[in-house]
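Read through the structure below, which is laid out as structure tokens, and then see the notes.
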Amino acid sequence: MLGIKRLGLLAALVLVGVAPAAAAQAAAQPSTQDTQYLQAVHQVNLFEITAGDLAQQKGQDQGVKDLGAMLKTDHTQLDQTVQQTASQLGVELPNEPSADQQAVIDKLNNASGAEFDRLWVTSELAGHVQAIQATQTEISQGSEQSVVQLAQTALPTLQAHYDELVQLANKLGIPVPQTSASGTPSPGGTGTESPAPGGTGTESPAPGGGTEPPAPGGGTTETPAPGVS
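The opening residue of the sequence shown carries number 18 in this note's numbering; numbering runs sequentially from there.
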């Protein structure tokens, strides 16, 4: 009898231990901001990897080819961290770029020569403005430390990409989005919170989203970023 009672007590202790663990797991669920940022930046990476391939294959200017290769490498590495973090937090990631991003990829596929270079640089500039804004929003508003740290790590890389794109645009005579006094890409003056990369419609505009590459910060005026290519 004593052995049975001890087993019963042990089972009770196990159950008592499980309940707080389950509660802790539920409490650890990432916020909407963190979840949407992971999903959006993953779509940015998918877009950038594809766009980087296209730049290497179709770019007329060697600078476009070289920068495309760099973007593909950096965004592939970044996405490994994104996927790891999402897996640890139980966040499901999209398996393809957004509809807006895909529209830009389709246009790039149909362009050639100097037209391709212009479209590629223009969409990359707009996309990186939005990606930087979304990342800054995550740093200031995110609540899950691992996602905030990911954004803090990603920001200097995204800014370096933008700076390289500005130099390439100047070389090719392509208009560059306005930047703030601090050098950070600024939105196009909508007065709303930063749009996120990688989404569609009212959720989060894609980098270079829409049928024409958008102006920096251009996108929806409803949803903050993300809540990215």
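Each residue gets a CB set at the ideal place from its N, CA and C atoms; glycine is no exception.
Contacts around residue i, its chain only, beta-carbon distance under 8 Å, and the 5 residues preceding and following it disregarded
i: THR93; result: ASN62, ILE66
i: LEU110; result: LEU55, GLN56, HIS59, VAL99, GLN100, ALA103
i: ILE156; result: VAL165, ALA168, GLN169, LEU172
i: SER48; result: GLY159, SER160, GLU161
i: ALA177; result: none
i: GLY80; result: LEU185, LYS188, LEU189
Whole-angstrom distance between residue j and residue i, CA atom to CA atom
i: LEU185; j: ASN127; result: 22 Å
i: GLN50; j: GLN150; result: 13 Å
i: LEU142; j: ASP96; result: 20 Å
i: GLN73; j: VAL164; result: 31 Å
i: VAL167; j: LEU106; result: Here the sequence assigns Leu to residue 167, which means Val is not the residue at that position. Their backbone Cα atoms lie some 13 Å apart in a straight line.
i: VAL146; j: TYR179; result: 7 Å
i: ALA86; j: GLN162; result: 31 Å
i: SER140; j: GLN46; result: 34 Å
i: LEU84; j: GLU181; result: 8 Å
i: LYS82; j: THR174; result: 18 Å
i: GLN195; j: VAL108; result: 35 Å
i: ASN112; j: THR152; result: 20 Å
Where residue i falls, given that 16 or more other Cβ within 10 Å makes a residue buried
i: GLY144; result: buried
i: SER160; result: exposed
i: THR52; result: buried
i: LYS89; result: buried
i: ASP123; result: exposed
i: PRO114; result: buried
i: ASP78; result: buried
i: GLY190; result: exposed
i: ALA148; result: buried
i: PHE64; result: buried
For residue i, the first and last residue of its enclosing alpha helix (DSSP H)
i: GLN77; result: That residue, GLN77, is in no alpha helix (DSSP H); it is neither H nor E in DSSP.
i: ASN127; result: 116-127
i: GLU141; result: 130-158
i: SER163; result: 162-189
Min CB distance residue i to chain B below 8 Å
i: ASP180; result: No chain B appears in the structure shown, which is made up of a single protein chain.
7 Å Cβ shell around residue i - same chain, five flanking residues per side excluded
i: LYS75; result: SER129, PHE133
i: LEU125; result: ALA68, LEU71, PHE133, LEU136, TRP137
i: ALA131; result: GLN77
Close beta carbons around residue i, own chain, < 6 Å, minus the five adjacent residues each side
i: VAL193; result: VAL183, ALA186
i: ASP250; result: Past the edges of the chain, shown from 18 to 246, lies residue 250, and the structure says nothing about it.
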